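Engineer: Handing you this structure, nothing more for now.
Protein chains: 2
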Amino acid sequence: MPNIYDISERSGVSIATVSRVLNGSPKVSEATKNKVLAVMDELGYTPNVFARGLGLNTMNTVGIMCSDSSDPFLANAVYYLEQNLRKHGYDSFLCCTGYELQNKKNYLELILTKRVDGLILVGSSLLEPNDEDNLYIKEAASHVPVMLMNGVLKGAGIYSVVCDDCGAVSSVTERLIKSGRKRILYLYTAESGSGLQKLKGYKEALKANGIKCDKDLIRLLPCDIENTRHLLSGLYTSGLRFDAVVCSEDRLAVGAIKAAKDMGLSIPGDLQVVGYNNSLLALCTDPELTSIDNHVETLSATAVKCLTDVFQGKRIPAKTIIQNALVQRETTRFQ
Amino acid sequence: MPNIYDISERSGVSIATVSRVLNGSPKVSEATKNKVLAVMDELGYTPNVFARGLGLNTMNTVGIMCSDSSDPFLANAVYYLEQNLRKHGYDSFLCCTGYELQNKKNYLELILTKRVDGLILVGSSLLEPNDEDNLYIKEAASHVPVMLMNGVLKGAGIYSVVCDDCGAVSSVTERLIKSGRKRILYLYTAESGSGLQKLKGYKEALKANGIKCDKDLIRLLPCDIENTRHLLSGLYTSGLRFDAVVCSEDRLAVGAIKAAKDMGLSIPGDLQVVGYNNSLLALCTDPELTSIDNHVETLSATAVKCLTDVFQGKRIPAKTIIQNALVQRETTRFQ
DNA sequence: CACGTCGATGTAAGCGTTTACATAGCGATT
DNA sequence: AATCGCTATGTAAACGCTTACATCGACGTG
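Protein sequences appear in the order of chains A and B.
Counted from 1, the first sequence has number 189 at position 190 by my numbering; the numbering is strictly sequential.
Counted from 1, the second sequence has number 172 at position 173 by my numbering; the numbering is strictly sequential.
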């Protein structure tokens, strides 16, 4: 592979000049520049990133840490992040950490070793319930800017882009109540980091409407269709009654729809169902699922925009909020 | 940030010895090794990858080129690839190319610039119909080993891991025929690279059973639920009749199920439906979708295994075939 | 006892860039 | 004509590591 010396020799200029051409420095005459470019093209030269990295101590790469890129929502996020990063001239270094805290710590260390220019953390269990467990993120932020997608953590060099999950759930719950529902089930998963935010919204809506919060109607469960289906059927059989279900994830909602069929409940007549993320799944069910869309595209674009702003030394707010929107389909009936 | 000289100084050995410790060289006494490790730990030292890369001309990184990681099947593939690569000690450099040929060419050039140790190409439109358009892959293979997932191309340094798509479709089509279906619709998308392989299987099955192939029953369409739904309803309204649908992608099958409902056809009584990829979507529909599972997990693991074997100088077959399996659910009824 | 061997460690060159600083050439200013 | 300043270009050091080769001491062998 040709290196900068080959180009230098062949084009009769010094390596410094070649390097200047490479970096688009203005202090090179048009003539030399063209000559050098011609030689580069002729020899099929590509600069060596390692050498470049050594000098500049950057590789124009952003690390994406994602708990599980096979989750439809996260897959979308990774996709849009990658697209947007590239648009801004950055490459993506992907890391799927899974849900184990220790793994996440290990991966984070690893990714920092790679000398990425910044980090984007995305994914369900982004933040541990115990704040002490999040120290590793603060540690990372002391090296490079860290962008949290759908999670909030305070600290120098840590920025967040979040949806108004609390508000969205509060609003949809309120609408369910206004449409006459009184016993609203709330299902959430541990993997969904903002599950607690959403729960907060749920409780707020109940309170604002003078409905007492029934612990039996709040369920933490794994993010799995079949499991949810059986849980709900079981609850129903054992006598629990409910007339609406709000879920922190579409998959749970799919399970709820299946369960309704098992129980002989009509949707949305006997049971209204609301999902979250507005994923492809919402279009597959019958009836089609009403879901809260958190604009993963906007979310991703904003995360990248903010991060690159930080790179350029701009000051940005520590927290940026994106509004999400309810996409109404067939599993609900309210104004 | 501390560098190798700091460690050397602090531990009273030369940088060569430090480097040896770093690389696990056997020619370091246990005592020195421990001392050096202690100092590294104390100073929080992490080797600089660029410097390392400069010397070794490798960064233990594999480039993953994926047309669209928001596609559920590809998202899964990317996930498993990343997991397996890490297990083998490699990092992943992700690149979502989209479906434009020119983009793919650009990205490939870019990714090679990064000095990856190898490439894994995954994704629907992996291979262009026109063989000349695939030259850029051969070009890439002249630099580093290239692994094709679900696509075949001959050339030095190009390896493939594929499912027996042709056989799987042939087999399922035959079973549909045996169950009494005569007018079987075949739907495929341009994005699905193996759509043509699958089509071949479809035709083979018809031929083997003495059924004439009706061009009207073979449709190329975009990979979209709503679009498929409307197309089928339209065809039905305009008089086309069919009693089974085989699809090259689950999303098409979801559209078909929706269309059946529109047309008042019962599934699987009037219409049997088969999807492909056995994605999450298959579990969401009602009735649940029978789908061909191409073992993305095995496929990914095999791709990574083969590639790392190549890295180690082992000889591997240019083409490895994985068997796929039919997962029967509610949209079909045959033995 | 001289010598070869071997294992542990050190020295220094090299990897391919970037860039601060030096230099050369040339027109403008005095 | 000497000086200044500017632009285009060159020189060389630095980035942090790997590794071939050199060195050194200890030990076994004839």
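For glycine and all other residues, C-beta sits at the position ideal for the given N, C-alpha and C.
Predicted model, so just to flag it, every value in this text is computed and none were measured.
Compare the Cα-Cα distances from L231(B) to each of D249(B), G52(B), N208(B), D261(B) and report the closest residue.
Structural biologist: Here residue 231(B) is taken as the residue at index 232 of the second sequence, counted from 1. Ranking D249(B), G52(B), N208(B), D261(B) by Cα distance to L231(B) puts D261(B) first.
Engineer: Is I321(A) helix, strand or coil by DSSP?
Structural biologist: Walking along the first sequence from the start, residue 321(A) turns up at place 322. Of the three classes helix, strand and coil, the one that applies to I321(A) here is strand, per DSSP.
Engineer: Suppose you measure from the CA of Q311(B) to the CA of L73(B); what does that come to, to the nearest Å?
Structural biologist: Here residue 311(B) corresponds to residue number 312 of the second sequence, with the count starting at 1. Here residue 73(B) corresponds to residue number 74 of the second sequence, with the count starting at 1. Each residue's alpha carbon lies about 27 Å from the other.
Engineer: So which residues on chain A does I315(B) lean against when the C-beta distance must stay under 7 Å?
Structural biologist: Taking the first residue of the second sequence as 1, we reach residue 315(B) at position 316. Neighbours of I315(B) across chain A, judged by C-beta separation under 7 Å, do not exist; the nearest C-beta is about 25 Å away.
Engineer: Checking contacts by CB at 8 Å: is K113(B) closer than that to chain A?
Structural biologist: The sequence position of residue 113(B) within the second sequence is 114, counting from 1. Answer yes: the Cβ-Cβ gap between K113(B) and chain A drops below 8 Å somewhere.
Engineer: Do the stretch 290-301 of chain B and the stretch 316-333 of chain B make contact, defined as three or more Cβ pairs closer than 8 Å?
Structural biologist: yes
Engineer: Is V272(B) helix, strand or coil by DSSP?
Structural biologist: In the second sequence, residue 272(B) corresponds to position 273, counting from 1. Strand at V272(B).
Engineer: Using a Cβ cut-off of 8 Å, pull out every chain A residue sitting near I6(B), in sequence order please.
Structural biologist: For the purposes of this step, residue 6(B) is identified with residue 7 of the second sequence, where counting begins at 1. In chain order: nothing, as chain A lies at least about 15 Å away.
Engineer: For E90(B), go through chain A and note every residue whose CB falls closer than 9 Å to its CB, in chain order.
Structural biologist: Along the second sequence, read from residue 1 onward, the residue named residue 90(B) stands at position 91. The question names Glu, yet the displayed sequence has Asp at residue 90(B). Under a criterion of Cβ atoms nearer than 9 Å, the residues of chain A adjacent to D90(B) are, in order, F92, L93, C94, L109, I110, K113.
Engineer: CA-CA distance, E99(B) and N102(A)?
Structural biologist: On the second sequence, position 100 is the one that residue 99(B) refers to. On the first sequence, position 103 is the one that residue 102(A) refers to. Straight across, the Cα-Cα distance linking E99(B) with N102(A) is about 36 Å.
Engineer: What residues of chain A sit near A50(B), judged by a beta carbon separation below 7 Å?
Structural biologist: Translated into positions along the second sequence, residue 50(B) becomes position 51. Those within 7 Å of A50(B) in chain A are L53.
Engineer: Less than 8 Å between CB atoms is the rule here; does S193(B) satisfy it with respect to chain A?
Structural biologist: Indexing the second sequence from 1 puts residue 193(B) at position 194. Not an interface residue.
Engineer: What residue does the beta strand (DSSP E) around L184(A) start on, and which one ends it?
Structural biologist: Indexing the first sequence from 1 puts residue 184(A) at position 185. From DSSP, the beta strand (DSSP E) with L184(A) extends over 183-187.
Engineer: Determine, using beta carbons only, whether Y106(A) and T60(A) come nearer to each other than 8 Å.
Structural biologist: Within the first sequence, residue 106(A) is the residue found at index 107, counting from 1. Within the first sequence, residue 60(A) is the residue found at index 61, counting from 1. Not in contact: Y106(A) and T60(A) (Cβ atoms no closer than 8 Å).
Engineer: Which chain A residues are close to E99(B), counting only those with a beta carbon under 8 Å from its beta carbon?
Structural biologist: Position 100 of the second sequence, counted from the start, is the residue given in the question as residue 99(B). What E99(B) touches in chain A: nothing, since even the nearest Cβ is about 13 Å away.
Engineer: Between S178(A), A204(A), K177(A), G209(A), which lies nearest to Y185(A) when the distance is taken from Cα to Cα?
Structural biologist: By one-based count along the first sequence, residue 185(A) stands at place 186. With distances taken between CA atoms, Y185(A) lies nearest to A204(A) out of S178(A), A204(A), K177(A), G209(A).
Engineer: Can you name the start and end residues of the beta strand (DSSP E) that F92(B) belongs to?
Structural biologist: Residue numbering aside, residue 92(B) sits at position 93 when the second sequence is read from its first letter. From DSSP, the beta strand (DSSP E) with F92(B) extends over 90-95.
Engineer: Would a check of beta-carbon distances place I224(B) closer than 8 Å to chain A?
Structural biologist: Stepping through the second sequence from its first residue, residue 224(B) is reached at position 225. So yes, I224(B) belongs to the interface.
Engineer: List the whole-angstrom C-beta distance separating K113(A) from V48(B), where the pair is believed to meet the contact cut-off of C-beta under 8 Å.
Structural biologist: Counting from 1 along the first sequence, the entry for residue 113(A) is found at position 114. Counting from 1 along the second sequence, the entry for residue 48(B) is found at position 49. So it is a contact: roughly 6 Å between Cβ atoms.
Engineer: Using a Cβ distance threshold of 8 Å, determine whether the stretch 239-251 of chain A contacts the stretch 266-276 of chain A, with at least three qualifying pairs required.
Structural biologist: yes
Engineer: Going by DSSP, what residue range makes up the beta strand (DSSP E) through R218(A)?
Structural biologist: Position 219 of the first sequence, counted from the start, is the residue given in the question as residue 218(A). Here the beta strand (DSSP E) through R218(A) covers 217-219.
Engineer: When burial is assigned at 16 or more other CB atoms within 10 Å of the CB, is Q334(A) buried or exposed?
Structural biologist: Working through the first sequence from its first residue, we reach residue 334(A) at position 335. Under the 10 Å beta carbon count, Q334(A) is surrounded by fewer than 16 other beta carbons and is classified as exposed.
Engineer: Indicate whether I110(B) and C94(B) have their beta-carbon atoms separated by less than 8 Å.
Structural biologist: Walking along the second sequence from the start, residue 110(B) turns up at place 111. Walking along the second sequence from the start, residue 94(B) turns up at place 95. Yes, Cβ-Cβ distance for I110(B) and C94(B) is below 8 Å.
Engineer: Using a Cβ-Cβ cutoff of less than 8 Å, which residues in the same chain neighbour A139(A) once the five nearest sequence positions on both sides are dropped?
Structural biologist: What you label residue 139(A) is simply residue 140 of the first sequence in a count that begins at 1. Excluding residues within five positions, the ones whose Cβ falls inside 8 Å are L107, L111, L118, V145.
Engineer: Where I315(A) and R85(A) are concerned, what is the direct C-alpha to C-alpha distance, given to the nearest angstrom?
Structural biologist: For this step, residue 315(A) is matched to residue 316 along the first sequence. For this step, residue 85(A) is matched to residue 86 along the first sequence. Each residue's Cα considered, the two are about 21 Å apart.
Engineer: So D261(A) is in the beta strand (DSSP E); what residue range does that whole segment cover?
Structural biologist: Within the first sequence, numbered from 1, the residue matching residue 261(A) stands at position 262. It is not in any beta strand (DSSP E) - D261(A) instead sits in the alpha helix (DSSP H) that spans 249-262.
Engineer: Measure the CB-CB distance between Y79(A) and S299(A) and report whether it falls below 8 Å.
Structural biologist: Numbered from 1 along the first sequence, position 80 holds the residue referred to as residue 79(A). Numbered from 1 along the first sequence, position 300 holds the residue referred to as residue 299(A). Contact: yes.
Engineer: Please classify T301(B) as buried or exposed, where buried requires at least 16 other C-beta atoms within 10 Å of its C-beta.
Structural biologist: As a first step, residue 301(B) is located in the second sequence; it is residue number 302 there, counting from the start. Under this definition T301(B) is a buried residue.
Engineer: Going along the chain, which residues of its own chain have a beta-carbon closer than 7 Å to the beta-carbon of K322(A), five neighbours each way excluded?
Structural biologist: Position 323 of the first sequence, counted from the start, is the residue given in the question as residue 322(A). According to the sequence as given, residue 322(A) is Gln; it is not Lys. Answer for Q322(A): D163, listed in chain order.
Engineer: Roughly how far, in whole angstroms, is the beta-carbon of I6(A) from the beta-carbon of V35(A), given that I think they are within contact range, below 8 Å?
Structural biologist: Locating residue 6(A) in the first sequence gives position 7, where the first residue counts as 1. Locating residue 35(A) in the first sequence gives position 36, where the first residue counts as 1. About 7 Å; that satisfies the 8 Å criterion.
Engineer: Within 8 Å (strictly less), CB to CB, does D67(B) reach chain A?
Structural biologist: As a working note, residue 67(B) is residue 68 in the second sequence. Taking Cβ atoms only, chain A reaches closer than 8 Å to D67(B), which makes this a yes.
Engineer: Consider the Cβ of V77(A): report whether some Cβ of chain B lies at a distance smaller than 8 Å.
Structural biologist: If you number the first sequence from 1, residue 77(A) lands on position 78. Yes, V77(A) counts as interfacial toward chain B.
Engineer: If you measure from the beta carbon of C283(A) to each beta carbon in chain B, is any gap under 8 Å?
Structural biologist: The residue given as residue 283(A) occupies position 284 in the first sequence. Judged by the 8 Å Cβ criterion, C283(A) is in contact with chain B.
Engineer: Using CA coordinates, which residue listed in K181(A), G238(A), I183(A), V151(A) is at the minimum distance from L195(A)?
Structural biologist: Walking along the first sequence from the start, residue 195(A) turns up at place 196. It is V151(A) whose Cα lies nearest to the Cα of L195(A).
Engineer: Report the residue ranges of all beta strand (DSSP E) runs contained in full by the stretch 139-197 of chain A; include only those spanning at least 3 residues, in chain order.
Structural biologist: 145-148, 157-162, 183-187, all fully within the stretch 139-197 of chain A.
Engineer: Mapping the DSSP letters down to three states, classify C246(A) as helix, strand or coil.
Structural biologist: Position 247 of the first sequence, counting from 1, holds the residue named residue 246(A). Residue state, collapsed to three classes: strand.
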